[in-house]
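A.B. asks: Take this structure, written in structure tokens, and hold onto it; I'll ask about it next.
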């Protein structure tokens with residue numbers, strides 16, 4: 015009896031939803047990671063060479079299992095299919111009949127040649143939600159152009175926002191637009207599944223990376239350009255030089271004091287009560303107009319004591335503040351461990367010995383449906399035989415269709 | 015007849031879903047912006063002083079309508095309610111009976127004192143999905159501590175990732191964690207609504223900012239620390255100094271060449287075919303181990319020609335590349351205008367004269383359900399009377415309950 019049968023109520027909000035995922039690297043796998051953690055049965059359909067991220071995502075402990083691959087693919091099942099071969103198409107066709115969602119980031123021509131357009135799949139399964147994560151929306155002049163995270167960061171204004179602060183274009187130190195648009199796609203897929211409850215039929219959805227990234231940037235930074243041609247762009251509270259973790263005597267601290275109550279408490283906390291009536295700082299509007307001065311006051315004050323002293327003083331004054339974490343100190347944070355998001359995974363290796371690794375878990379809580387037990391990312395093709403058996407293929411057919419050695423692409 | 019009745023099929027995937035939103039600033043409004051654009055009826059419940067973002071989000075053209083407020087609140091309706099008053103509670107109680115979703119970022123004690131816990135609301139309406147966006151997950155040591163974007167950026171490793179690249183901690187030049195976790199919350203809400211289709215009842219969901227931000231950072235950057243205590247953290251492909259928009263003779267360009275085919279094509283394109291057989295660069299694994307050298311080759315090559323020349327040459331060789339946009343040049347991008355994400359909104363002001371503003375639209379496409387007509391962000395309390403009338407209140411009650419001057423908080 016599986017864990018989910020023992021606790022039927024903790025199978026996740028998406029229990030019963032089947033997702034076919036033909037994507038690789040980050041944007042698609044991030045979308046389906048969320049769905050998998052919420053209980054969807056995500057079938058990762060890997061090409062004969064495997065998801066590129068198996069090799070691109072950092073030095074692996076086992077072949078084909080890079081750290082980034084592990085973290086973006088937990089809770090999924092993997093089957094290797096060559097979608098260009100008759101056998102691959104046959105299995106894909108059967109899978110599509112059983113699925114609620116199909117996700118790809120192929121361009122229209124590739125979908126066409128593989129028989130995987132919305133029209134083709136919905137003819138077999140009218141309830142299927144067909145999600146294409148594209149680089150650029152269909153119909154625009156760049157439609158069909160290749161898109162990768164850094165290209166989208168450079169084109170969408172993400173790098174330009176860094177230039178506003180740093181004086182030169184830089185990328186965000188994440189696969190930011192892939193990662194972000196993956197979350198956007200998971201949301202759009204669930205919205206379309208809800209729409210299906212009303213209409214009775216699935217639909218095709220397109221989630222374009224560039225447009226999503228640009229909208230993300232612009233809704234924060236259109237600023238005065240919203241109202242007038244040539245108007246100032248860039249949120250002044252974010253682009254001002256002192257908007258940064260503030261140096262203390264022994265480290266860094268982050269402080270936030272946006273409301274009038276918080277700002278007055280902050281001036282008391284730093285022993286500058288006279289600033290409470292300074293016309294530059296008396297209201298939200300005044301502090302916004304004088305944001306450089308306001309943030310400079312904060313910077314000067316924080317340099318005078320240690321981080322722990324300031325955290326304590328500011329807490330006493332009800333001013334929100336927290337220390338700054340390095341990547342390594344973050345792992346010792348009691349909240350992160352306490353909430354179960356960061357965990358030591360223990361698994362047996364092929365020799366029966368226990369190995370541990372650091373793993374991540376879904377951060378959100380669902381009081382009724384819960385989340386299912388966490389499972390490690392799949393080896394290449396690990397679940398091929400199991401999935402083929404579920405589709406009703408007998409042993410001979412399974413050998414014919416899925417006889418791939420699980421280590422071939424690793 | 016309204017536009018949505020004329021085109022019943024284009025009401026959005028979430029048509030028929032009602033959302034009560036008591037949040038302000040960015041994280042909650044971002045969550046409900048997505049739901050509103052997908053057709054949900056989002057009722058923005060504003061306190062007597064209005065959403066802080068009306069004043070904090072940049073210099074407004076009209077009082078209380080800052081640019082950032084405008085962009086994060088389009089397609090919503092606004093009602094002003096003092097939830098601490100008996101009148102406010104009365105209206106809130108009736109609204110809760112009609113709603114599918116309730117969203118807040120109040121701490122548990124505030125929800126308790128206002129009678130807005132999941133237990134209280136589900137007693138009246140068992141199908142309600144009750145979403146709390148918290149700073150820190152309940153149960154951990156920081157639960158209940160105040161959380162703001164910059165504090166979460168500093169604590170969750172976002173600022174630390176910038177330190178890896180820049181040598182000192184910096185914030186991402188966005189309200190990144192608010193903005194991101196808002197999208198996460200919209201996704202979690204839709205997942206819970208799907209769960210409700212199966213279970214028949216709503217549930218409480220918690221979306222903690224810190225845990226979500228830390229998971230975002232760590233699934234990219236745990237790297238070797240996944241496997242061993244003290245192991246290296248930070249994706250080397252992202253943290254390497256030359257991972258940035260590359261200087262050309264007249265600007266910047268972004269290039270991506272990750273697969274073997276792309277890497278070989280890139281070496282041809284820059285006139286260095288001998289590098290195709292250089293052992294440092296012959297495979298994904300080799301280029302990952304020598305990422306500094308690989309990226310340094312790219313940097314050196316790009317300096318030799320103009321952006322337009324390289325874009326043309328790289329396109330001919332099938333190497334993904336795009337120019338870098340500044341914030342202002344982004345607005346002239348033909349793809350962004352062509353796909354309709356950036357539009358000139360024309361509206362009549364109170365004197366009947368036309369005013370224009372730059373507006374944003376939902377970036378995703380839904381072939382069946384579409385998205386509803388876009389509406390501008392609401393003035394403070396703009397829809398109070400209309401919403402009270404829908405709840406069945408007569409004119410006298412509406413005056414008693416909602417007689418707030420729409421400009422009071424602006």
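Protein chains in written order, with this note's numbering: chain A, 15 to 424; chain B, 15 to 424. Note that CB positions come from ideal geometry on N, CA and C, so glycine has one too.
1. Please report the distance separating the alpha-carbon of residue 109 of chain B from that of residue 157 of chain B.
2. By how many angstroms is the C-alpha of residue 155 of chain B removed from the C-alpha of residue 144 of chain A?
3. Which residues of chain A have a Cβ atom closer than 7 Å to the Cβ of residue 247 of chain B, listed in chain order?
4. Going by DSSP in three states, residue 245 of chain B sits in which element: helix, strand or coil?
5. Of the residues B/274, B/93 and B/86, which one's Cα is nearest the Cα of residue 405 of chain B?
6. Quick check on DSSP: helix, strand or coil for residue 420 of chain B?
7. Compare the Cα-Cα distances from residue 268 of chain A to each of A/201, A/376, A/316 and A/345 and report the closest residue.
8. Closest Cβ-Cβ distance between residue 364 of chain B and chain A: below 7 Å?
9. Helix, strand or coil, according to DSSP, for residue 21 of chain A in the structure here?
10. Taking beta-carbon pairs under 7 Å, can you tell me which members of the region 379-391 of chain B lie near chain A?
11. Under the DSSP definition of a beta bridge, which residues are partnered with residue 358 of chain B?
12. How about residue 201 of chain A: is its C-beta nearer than 7 Å to some C-beta of chain B?
13. Step through the CB atoms of chain B and report whether any lies within less than 7 Å of the CB of residue 67 of chain A.
14. For the beta strand (DSSP E) that contains residue 116 of chain B, what are its first and last residues?
15. Which same chain residues, not among the five before or five after residue 69 of chain B, have their C-beta less than 8 Å away from its C-beta?
16. Determine the chain A residues that contact residue 401 of chain B at a beta-carbon separation under 7 Å, and present them in chain order.
17. Check residue 290 of chain A in the structure and name its three-state DSSP category.
18. For the alpha helix (DSSP H) holding residue 401 of chain B, just list the boundary residues, first then last.
19. Using CA atoms only, rank isn't needed, just tell me which of A/181, A/209, A/120 and A/24 is closest to residue 52 of chain B.
20. Cutting at 8 Å between CB atoms, please list the residues of its own chain near residue 96 of chain B, excluding the five before and the five after it.
21. Mind checking if residue 280 of chain B is an interface residue toward chain A, Cβ cutoff 7 Å exclusive?
22. Rounded to whole angstroms, how far is the Cβ of residue 236 of chain B from the Cβ of residue 85 of chain A, which I believe are closer than 8 Å?
23. Among residues of its own chain, excluding the 5 on either side of residue 368 of chain B, which ones have a beta-carbon nearer than 8 Å to its beta-carbon?
24. Which bits of chain B does residue 75 of chain A rub up against, with CB to CB less than 7 Å?
25. Under 8 Å between beta-carbons, which chain A residues line up against residue 183 of chain B? List them in chain order, please.
26. Kindly list, in the order they appear in chain A, the residues whose Cβ is closer than 8 Å to that of residue 133 of chain B.
27. Buried or exposed for residue 225 of chain B, going by 16 or more other Cβ atoms inside 10 Å?
28. How about residue 32 of chain B and residue 65 of chain B: do their beta carbons lie closer than 7 Å?
29. Please list the residues of the region 85-98 of chain A that have a C-beta atom closer than 8 Å to any C-beta atom in chain B, keeping them in chain order.
30. For residue 98 of chain A, count neighbouring C-beta atoms within 10 Å of its own C-beta (all shown protein chains included) and say buried if the count is 16 or more, exposed if not.
31. How many Å lie between residue 23 of chain B and residue 384 of chain B at the Cα?
32. Could you give the first and the last residue of the continuous beta strand (DSSP E) run that contains residue 63 of chain A?
33. Does residue 427 of chain A have its Cβ less than 7 Å from a Cβ in chain B?
34. Using a Cβ-Cβ cut-off of less than 7 Å, give me the residues of the region 294-312 of chain A that come near chain B, in sequence order.
35. Taking 7 Å as the threshold (C-beta atoms), are residue 173 of chain A and residue 185 of chain A in contact?
36. Output, in sequence order along the chain, the residues in the region 27-46 of chain A whose CB is closer than 9 Å to any CB in chain B.
C.D. replies: Let's see:
1. 29 Å
2. 42 Å
3. Those are 341 and 342, listed as they occur along chain A.
4. coil
5. B/93
6. Reliability fails at residue 420 of chain B, whose pLDDT of 43 lies under 50, so the model's placement of it is uncertain and the value that follows must be treated cautiously. In the structure shown, residue 420 of chain B sits in coil (DSSP, three-state: anything other than H, G, I, E or B).
7. Of the listed residues, the one whose Cα sits closest to residue 268 of chain A is A/316.
8. Among the CB atoms of chain A, none fall inside 7 Å of the CB of residue 364 of chain B.
9. Residue placement at residue 21 of chain A is poorly supported in this model, since its pLDDT is 47, which falls under 50; the coordinates are not used for a value here.
10. 379, 380, 381, 382 and 383
11. Paired residues: B/372.
12. yes
13. no
14. 115-118
15. 78 and 80
16. Contacts between residue 401 of chain B and chain A, judged by CB atoms closer than 7 Å, are missing: the closest CB pair is about 23 Å apart.
17. helix
18. 398-404
19. A/209
20. 61, 62 and 102
21. Among the residues facing chain A, residue 280 of chain B is not included, as its CB has no counterpart in that chain under 7 Å away.
22. 6 Å
23. Residues of the same chain with a CB within less than 8 Å of the CB of residue 368 of chain B, apart from the 5 flanking positions on each side, are 360, 361 and 362 in chain order.
24. Neighbours of residue 75 of chain A in chain B, taken as residues whose beta carbon is under 7 Å from its own, are 241 in chain order.
25. 258, 259, 266 and 338
26. Near residue 133 of chain B there are no residues of chain A at all, since even the closest Cβ is about 10 Å away, more than 8 Å.
27. buried
28. no
29. Hits within the stretch, in order: 85 and 86.
30. exposed
31. 7 Å
32. For residue 63 of chain A, no beta strand (DSSP E) encloses it, and the DSSP letter there is neither H nor E.
33. Limits of chain A in this structure are 15 at one end and 424 at the other, which puts residue 427 of chain A out of reach.
34. Within the region 294-312 of chain A, the qualifying residues are 298, 299 and 302.
35. Yes, Cβ-Cβ distance for residue 185 of chain A and residue 173 of chain A is below 7 Å.
36. Listed in sequence order: 27, 28, 29, 30, 31, 39, 40 and 44.
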